[in-house]
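Asks: Quick note: the sequence shown uses my numbering, first residue 35, plus one each step.
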Amino acid sequence: MTIEAVVFDIGNVLVEWHPERFYDALIGRERREALFAETGLSEMNLQVDLGAPFKETVHAKAAEFPQWHDEIITWHDRWIEMCSPEIPHSVRLLRALRAKGIPVFALSNFGIGTFEFACTKYPFLDEFDRRYISGYLEMIKPDAALYAHLEADSKVAPQALLFADDRPENIDAALARGWQAHLFETPQGWADRLVAEGLLTESEAI
């Protein structure tokens, strides 16, 4: 079936997202592993991605673990350093698709406060034709309901969607609904897939 719209994840597709790398540089790997294991920072981030208020959620977690207070508050105060840098080749692909009139959607696990902050740093996040952000919808990948919402709202048939995401479980959820999908590992690999699908020429995908 002809592809009618291309769907981008954001974290690690358009912008690098590596909180572990950030904390390793800040406090060392051993302390970072203890921090994450003892406090559940990853689970806290899932709450934010599901719509919980960013600042209040982080501060509540810091109050719960006073021995890690400063490190947890850093998740809020220096969050943009974890969500960086952008991946320039992927951004060029997004813009090349839109320049050809191909609808481009975002489907991402992202909090409301964090997404709005990211938009101030990364202007291309305002360039999607449609955005499906988990915090606003209170649904998170790989929940099938989030994929179904995109289908219903965009009115694009599942088989006509091509989705790039860096997490296998999110790709599997898309494939289970009949989407076409690409496990993102490098921007060049994604560019090659877009060329192979006839959506971009090799020169447009550079």
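Ideal Cβ positions, reconstructed from N, Cα and C, are used throughout, including at glycine.
Could you tell me the alpha carbon to alpha carbon distance between Phe149 and Leu195, rounded to whole angstroms?
Replies: If you take the alpha carbons of Phe149 and Leu195, they lie about 23 Å apart.
Asks: Alpha carbon to alpha carbon, how far is Leu180 from Ala186? Give it in angstroms, no decimals.
Replies: Computed Cα separation, rounded: 10 Å.
Asks: How far does the beta strand (DSSP E) with Ala140 in it extend, from its first residue to its last?
Replies: Here the beta strand (DSSP E) through Ala140 covers 138-142.
Asks: Rounded to whole angstroms, what is the Cα-Cα separation between Glu231 and Phe218?
Replies: Near 15 Å, if we compare the C-alpha coordinates of Phe218 and Glu231.
Asks: With distances taken from CA atoms, which of Glu98, Ala207, Glu90, Trp102 is nearest Asp66?
Replies: This sequence places Arg at residue 66; Asp is not what is there. Checking every option, the nearest Cα to that of Arg66 belongs to Trp102.
Asks: May I ask which residues mark the beginning and end of the beta strand (DSSP E) holding His216?
Replies: Element bounds for His216: 214-217.
Asks: Across the region 110-117 and the region 147-161, are there enough close Cβ pairs to call them in contact, namely three or more that are closer than 8 Å?
Replies: Yes, they touch.
Asks: Restricting to Cα atoms, I'd like to know which of Tyr166, Tyr57, Glu120 is closest to Ala140.
Replies: Here the closest residue by C-alpha is Tyr166.
Asks: Within 10 Å of its beta-carbon, does Leu233 have 16 or more other beta-carbons around it, so buried, or fewer, so exposed?
Replies: Per the 10 Å Cβ criterion, buried.
Asks: Met35: buried (16+ other C-beta within 10 angstroms of its C-beta) or exposed?
Replies: Per the 10 Å Cβ criterion, exposed.
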